[in-house]
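Worksheet: one structure, shown below.
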Amino acid sequence: MSKIPCSLGSIQTALNSGDLQLTDVVEFHIAQIKKNKHLNAFNSVYEEEALSKAKKIQLKIQDKSAGVLAGLVIGLKDNIAFKDHPLQASSKILNGFQSIYNATATERLINEDAIIIGSLNCDEFAMGSTNENSHFGPVLNPHDESRVPGGSSGGSAVAVAKDMCLVSLGTDTGGSVRMPAAYCGVLGLKPTYGRISRYGIIAYASSFDQVGIFAKNTEDCAKVLSVISGEDPKDATSSKQKIDSYEKHLLEDKKYSIAFLNDCIETDNLDSEIRTSFKVVERTLKNLGHQTNKVDFELIDYLVPAYYILTTAEASSNLARYDGIHFGHRSDEVQGVENTYIHSRSEGFGPEVKRRIILGTFVLSSGYYDAYYNKAKRVRRMIKEATEKILDAHDFIILPCTTDTAFKIGEKIDDPVKMYLSDIYTVQANLVGIPAISIPLFKHSNGMPFGLQIMSKRFSENELLAFSKQLLDKFENDSIPEL
Ligand code: GLN
Numbered sequence: 001m002s003k004i005p006c007s008l009g010s011i012q013t014a015l016n017s018g019d020l021q022l023t024d025v026v027e028f029h030i031a032q033i034k035k036n037k038h039l040n041a042f043n044s045v046y047e048e049e050a051l052s053k054a055k056k057i058q059l060k061i062q063d064k065s066a067g068v069l070a071g072l073v074i075g076l077k078d079n080i081a082f083k084d085h086p087l088q089a090s091s092k093i094l095n096g097f098q099s100i101y102n103a104t105a106t107e108r109l110i111n112e113d114a115i116i117i118g119s120l121n122c123d124e125f126a127m128g129s130t131n132e133n134s135h136f137g138p139v140l141n142p143h144d145e146s147r148v149p150g151g152s153s154g155g156s157a158v159a160v161a162k163d164m165c166l167v168s169l170g171t172d173t174g175g176s177v178r179m180p181a182a183y184c185g186v187l188g189l190k191p192t193y194g195r196i197s198r199y200g201i202i203a204y205a206s207s208f209d210q211v212g213i214f215a216k217n218t219e220d221c222a223k224v225l226s227v228i229s230g231e232d233p234k235d236a237t238s239s240k241q242k243i244d245s246y247e248k249h250l251l252e253d254k255k256y257s258i259a260f261l262n263d264c265i266e267t268d269n270l271d272s273e274i275r276t277s278f279k280v281v282e283r284t285l286k287n288l289g290h291q292t293n294k295v296d297f298e299l300i301d302y303l304v305p306a307y308y309i310l311t312t313a314e315a316s317s318n319l320a321r322y323d324g325i326h327f328g329h330r331s332d333e334v335q336g337v338e339n340t341y342i343h344s345r346s347e348g349f350g351p352e353v354k355r356r357i358i359l360g361t362f363v364l365s366s367g368y369y370d371a372y373y374n375k376a377k378r379v380r381r382m383i384k385e386a387t388e389k390i391l392d393a394h395d396f397i398i399l400p401c402t403t404d405t406a407f408k409i410g411e412k413i414d415d416p417v418k419m420y421l422s423d424i425y426t427v428q429a430n431l432v433g434i435p436a437i438s439i440p441l442f443k444h445s446n447g448m449p450f451g452l453q454i455m456s457k458r459f460s461e462n463e464l465l466a467f468s469k470q471l472l473d474k475f476e477n478d479s480i481p482e483l
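Residue numbers for the sequence shown, in my numbering: 1 to 483.
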């Protein structure tokens with residue numbers, strides 16, 4: 001099958017002129033899914049249903065009544081509810097579970113005629129940085145199949161990278177959209193906390209969780225963001241802040257003031273080629289008339305500890321509902337309530353989820369609550385204030401997304417501390433609640449992609465996407481230029 005256009009805008013032009021049929025678009029993506037099955041990106045694929053939807057939407061396109069996302073084939077991470085479809089957050093404990101309602105994000109996509117093609121593999125309950133913690137097995141990085149795709153939304157990143165869908169949704173609690181986007185060479189946006197409703201998203205850490213978008217370009221990302229953002233009476237933490245048409249602002253060619261986070265860049269922990277790429281970007285931005293400054297962020301060593309104390313605490317509470325009675329797998333070996341809980345949870349949860357529930361319960365327990373949970377909350381506030389201070393003086397903060405390109409499957413899985421430390425650059429945006437994006441600007445000489453991360457002020461997704469577009473247009477995903 002011939003390749004279809006690679007942006008929603010061009011697909012829609014071809015659909016409207018009659019040069020392309022929507023079933024061709026769906027068939028193209030299905031063929032890609034079949035060809036790349038071994039990468040293990042999908043937990044379920046809705047082939048027949050997607051094709052029959054395509055036929056219905058095709059008629060709407062012909063009589064000009066189709067929604068703004070007609071032509072879009074999208075995948076959902078396996079923690080985003082889609083009514084009457086499997087939903088199990090890649091966990092054994094939810095084996096066979098089907099959602100009885102739509103997440104608000106899902107509902108809004110459907111209302112605008114997007115076609116949902118399947119549910120995407122991820123770390124169990126979105127806990128992980130490599131997608132190795134999935135009951136359905138690891139997802140492979142398409143650029144080197146011996147390497148991880150990043151996590152926890154690994155399936156979502158791989159599906160977009162290999163054209164198995166045009167756009168996908170993931171969730172980002174501490175980097176789960178940006179990190180896999182960086183490792184797989186696609187764009188990954190985590191919006192402001194509260195920008196997209198969390199209704200129908202399986203909760204991991206509620207004060208951090210946010211739906212995020214994987215796309216190949218800023219236009220597609222902006223279109224989907226405009227549709228799924230906005231206030232939702234079903235989620236009290238969703239924001240009333242008005243939604244702009246994010247796409248409209250993409251062409252803005254403003255000059256910005258940009259802070260480069262020195263402590264994250266000038267460190268031996270960062271791969272030296274990635275470090276060089278930041279120098280190239282800084283010089284280019286200066287030449288283009290932007291103002292750049294190097295700034296220090298002294299709280300860097302507190303980011304990962306504060307994140308893991310607070311998220312495990314919230315997770316231990318959120319995951320209490322999977323007890324074999326309210327929700328989830330019920331053990332056969334049950335006698336009495338307590339035994340039902342113990343056996344069902346022991347059998348249903350994987351090792352990383354158990355570790356986090358135990359850790360989270362510990363930091364909340366009496367005697368330790370003040371020493372860990374309360375202290376981490378105070379540290380979160382300090383991180384927030386220090387970050388916002390930088391953003392008061394600048395439009396953007398630029399930093400790496402990861403310390404390295406994607407590492408080998410199995411390399412860190414036995415060392416949780418090492419694994420947690422790989423989130424060093426991504427958790428800051430979630431601790432603060434600000435939007436952040438990872439964009440693929442260059443290829444490393446080892447052949448792997450990596451991401452440049454940009455953070456901005458709350459609800460400034462417009463500027464963030466417009467600036468990302470400027471950078472993406474400037475560097476065409478080449479190797480890193482000489483300094
Ligand atoms: N790697 C981080 C964690 O395991 C982030 C996960 C996420 O954003 N869902 O908590």
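A virtual CB, placed ideally from N, CA and C, is assigned to each residue, including glycine.
Classification of residue i by the beta-carbon crowding that lies within 10 angstroms, buried from 16 upward
{"i": "K418", "result": "exposed"}
{"i": "V337", "result": "exposed"}
{"i": "C6", "result": "exposed"}
{"i": "P481", "result": "exposed"}
{"i": "I358", "result": "exposed"}
{"i": "P440", "result": "buried"}
{"i": "P191", "result": "buried"}
{"i": "L69", "result": "buried"}
{"i": "E132", "result": "buried"}
{"i": "E333", "result": "exposed"}
{"i": "K216", "result": "buried"}
{"i": "P233", "result": "exposed"}
{"i": "D414", "result": "exposed"}
{"i": "I4", "result": "buried"}
{"i": "E124", "result": "buried"}
{"i": "R147", "result": "buried"}
{"i": "D423", "result": "buried"}
{"i": "K56", "result": "exposed"}
{"i": "G155", "result": "buried"}
{"i": "E252", "result": "exposed"}
Close Cβ partners of residue i (< 6 Å) along its chain, the five nearest in sequence each way excluded
{"i": "E385", "result": "none"}
{"i": "L189", "result": "G212, I213, C221, I437"}
{"i": "N293", "result": "A259"}
{"i": "D165", "result": "Residue identity check: residue 165 is Cys in the sequence provided, not Asp. These residues qualify, in order along the chain: H29, V73, I74, G75, I117, A159."}
{"i": "A205", "result": "T173, T311, E314, A315"}
{"i": "S229", "result": "R195, I196, I243"}
{"i": "G348", "result": "K92, I93, G328, H329"}
{"i": "I61", "result": "L15, A70"}
{"i": "Y341", "result": "D323"}
{"i": "L399", "result": "L261, C264, Y425, Q453"}
{"i": "F442", "result": "S277, I480"}
Residues near residue i by beta carbon distance below 8 Å, same chain, minus five either side
{"i": "F136", "result": "N40, N43, S90, N121"}
{"i": "E247", "result": "E219, A222, K223, S226"}
{"i": "L299", "result": "V379, M382, I383, A386"}
{"i": "Q494", "result": "Only positions 1 to 483 of the chain appear in this structure, which leaves residue 494 out of reach."}
{"i": "D84", "result": "Q98, S99, I100"}
Closer than 9 Å to chain B by CB, residue i
{"i": "N40", "result": "Of the chains in the structure shown, none is chain B; there is only one protein chain."}
Neighbourhood of residue i by C-beta distance below 7 Å, restricted to the same chain and skipping five residues each side
{"i": "G128", "result": "G151, S152, E352"}
{"i": "A181", "result": "A157, L187, G188, F214, S438, G451"}
{"i": "T284", "result": "K474"}
{"i": "K53", "result": "I115"}
{"i": "T361", "result": "S316"}
{"i": "P416", "result": "R355"}
{"i": "A161", "result": "P142, C184, G185, V186"}
{"i": "L51", "result": "T23, V26"}
{"i": "N269", "result": "T403"}
Inspect the CB distances between the segment 274-293 and the segment 167-174 and report whether three or more fall short of 8 Å.
Taking a cut-off of 8 Å on C-beta distances, the segment 274-293 does not touch the segment 167-174, as fewer than three cross pairs fall below it.
Does the segment 323-334 come within contact of the segment 103-112, defined as at least 3 CB pairs closer than 8 Å?
They do not touch, by the three-pair rule.
Taking the runs of the alpha helix (DSSP H) that are 4 residues or longer, which of them lie wholly in the segment 261-309?
The DSSP assignment places complete alpha helix (DSSP H) segments of no fewer than 4 residues inside the segment 261-309 at 262-265, 272-287, in order along the chain.
Tell me, please, whether the segment 68-81 touches the segment 22-41 by the rule of three or more beta-carbon pairs shorter than 8 Å.
With a cut-off of 8 Å on Cβ pairs, the segment 68-81 is in contact with the segment 22-41, counting three or more such pairs.
Minimum length 3: unbroken beta strand (DSSP E) runs contained in the segment 384-444:
Here the runs fully enclosed are 396-400, 436-443.
The segment 459-467 touching the segment 432-448, judged by at least three CB pairs closer than 8 Å:
With the rule of 3 Cβ pairs closer than 8 Å, the segment 459-467 counts as touching the segment 432-448.
At which residue ranges does the segment 202-265 contain complete alpha helix (DSSP H) runs of 4 or more residues, listed in the order of the chain?
Listed in chain order, the complete alpha helix (DSSP H) runs (minimum 4 residues) inside the segment 202-265 are 218-228, 262-265.
Between the segment 302-309 and the segment 270-277, do three or more beta carbon pairs fall short of 8 Å?
These segments do not touch.
Contact between the segment 250-266 and the segment 386-395: three or more CB pairs below 8 Å?
Put simply, the segment 250-266 touches the segment 386-395. At least three CB pairs are less than 8 Å apart.
Completely contained beta strand (DSSP E) runs for the segment 60-87, where each covers 3 or more residues:
For the segment 60-87, whole beta strand (DSSP E) runs of length 3 or above, ordered along the chain, are 73-77.
Unbroken stretches of the alpha helix (DSSP H), 4 residues or longer, contained in the segment 119-187
Fully enclosed alpha helix (DSSP H) runs of 4 or longer: 154-161, 178-184.
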